[in-house]
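**Student:** Let me give you the structure first, and then I'll get to my questions.
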Amino acid sequence: MKGIQRQTASASGAPFFRALKERMAMALSIRSGTTDDLSLLAQMNKRLIEDEGSRNPMSAAELERRMRGWLESGWLIDIVLEDGSVIGYAVYQRRTDEYHPDQTVIHLRQLFIERGHRNRGLGTLAFRDLVRTRFPRRSTVVIDVLASNPKGLAFWERLGFRAYSTKMR
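Under UniProt numbering, think of the first position of the sequence shown as 1, with each following residue one higher.
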């Protein structure tokens with residue numbers, strides 16, 4: 001597992017991303033997740049676990065309980081929609097930087113886009129919308145990417161993230 005860190009969150013980007021966002025802005029939206037979403041979130045989380053090659057053995061019922069626990073303990077869960085249909089989700093938590101208590105760190109635990117909606121720029125748009133509308137300005141975004149997930153690593157590197165630490169087993 002690699003810990004990847006981006007120094008500052010910014011919604012601005014290359015002209016390509018601005019044009020892409022303008023083209024798709026009407027179709028993509030983000031709303032807060034609720035306990036009504038737990039079953040769907042657990043199903044998507046199960047697909048994320050498969051896609052990233054995680055060794056997590058949790059069942060859908062266990063994943064649903066875990067999602068409920070996150071909602072009840074300060075984690076934020078957002079639902080990503082395209083034309084009103086759920087296509088993904090994000091799980092994150094606001095934290096204080098351990099070395100700079102006046103700065104905010106966003107631990108983005110999961111960002112998932114359904115398989116049939118990938119490679120269309122929606123993951124990039126969802127992340128940029130999170131940065132723009134959900135994360136405090138100038139916050140640091142920290143993610144973890146499993147070593148078994150090269151596509152995920154490539155996605156985050158395209159967004160400007162770089163390895164900060166390596167966790168080994």
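Each residue gets a CB set at the ideal place from its N, CA and C atoms; glycine is no exception. Please read these numbers as outputs of a predicted model, since none were measured by experiment.
Between Leu41 and the rest of its own chain, which residues show a CB-CB distance below 7 Å, the 5 nearest in sequence each way excluded?
**Tutor:** Counting only Cβ-Cβ distances below 7 Å, and skipping sequence neighbours, we find Gly33, Met67, Ile77, Tyr89.
**Student:** Within a Cβ cutoff of 7 Å, which residues of the same chain sit near Ala27, ignoring the five residues on either side of it in sequence?
**Tutor:** Hits under 7 Å: Glu82, Asp83.
**Student:** Does DSSP put Phe112 in a helix, in a strand, or in coil?
**Tutor:** Reduced to three states, the DSSP call for Phe112 is strand.
**Student:** Is the beta carbon of Leu146 sitting closer than 8 Å to the one on Glu52?
**Tutor:** Closer than 8 Å, so yes.
**Student:** Kindly indicate which three-state DSSP category Leu41 falls into: helix, strand or coil?
**Tutor:** Correct three-state label for Leu41: helix.
**Student:** Are the CB atoms of Val131 and Val105 within a distance shorter than 8 Å?
**Tutor:** Taking 8 Å as the Cβ cut-off, Val105 and Val131 do not qualify as a contacting pair.
**Student:** Can you name the residues that DSSP bridges to Val86?
**Tutor:** Paired residues: Leu81.
**Student:** Expressed to the nearest angstrom, what Euclidean distance is found between the alpha-carbon atoms of Leu38 and Gln110?
**Tutor:** Each residue's Cα considered, the two are about 15 Å apart.
**Student:** Which residues mark the beginning and the end of the alpha helix (DSSP H) in which Arg68 is found?
**Tutor:** Per DSSP, Arg68 belongs to the alpha helix (DSSP H) from 60–72.
**Student:** Considering Thr34, what are the terminal residues of the beta strand (DSSP E) in which it resides?
**Tutor:** Looking at the DSSP string, Thr34 is not in any beta strand (DSSP E), and its letter there is neither H nor E.
**Student:** Determine the closest residue to Glu98 out of Ser54, Asp144, Asp36, Thr140, with distance taken between C-alpha atoms.
**Tutor:** With distances taken between Cα atoms, Glu98 lies closest to Thr140.
**Student:** Determine the DSSP secondary structure at His117, reduced to helix, strand or coil.
**Tutor:** Helix, per DSSP.
**Student:** From the DSSP secondary-structure annotation, give me the bridge partner or partners of Ile106.
**Tutor:** DSSP lists Arg94, Val141 as partners of Ile106.
**Student:** Between Asp102, Ile30, Asp36, which lies nearest to Arg138 when the distance is taken from Cα to Cα?
**Tutor:** Per the Cα distances, Asp102.
**Student:** Here's the rule: buried if 16 or more other CB atoms are within 10 angstroms of the residue's CB, otherwise exposed. What is Tyr164?
**Tutor:** Exposed is the call here.
**Student:** Applying the criterion that 16 or more other CB atoms from any shown protein chain within 10 Å of the CB defines a buried residue, is Ala126 buried or exposed?
**Tutor:** Classification of Ala126: buried, given that the 10 Å Cβ count is 16 or more.
**Student:** In whole angstroms, give me the CA-to-CA distance for Gly152 and His107.
**Tutor:** Distance between the alpha carbons of Gly152 and His107 is about 16 Å.
**Student:** Would you kindly report the start and end of the unbroken beta strand (DSSP E) that includes Ala163?
**Tutor:** Counting along the chain, the beta strand (DSSP E) containing Ala163 begins and ends at 162–166.
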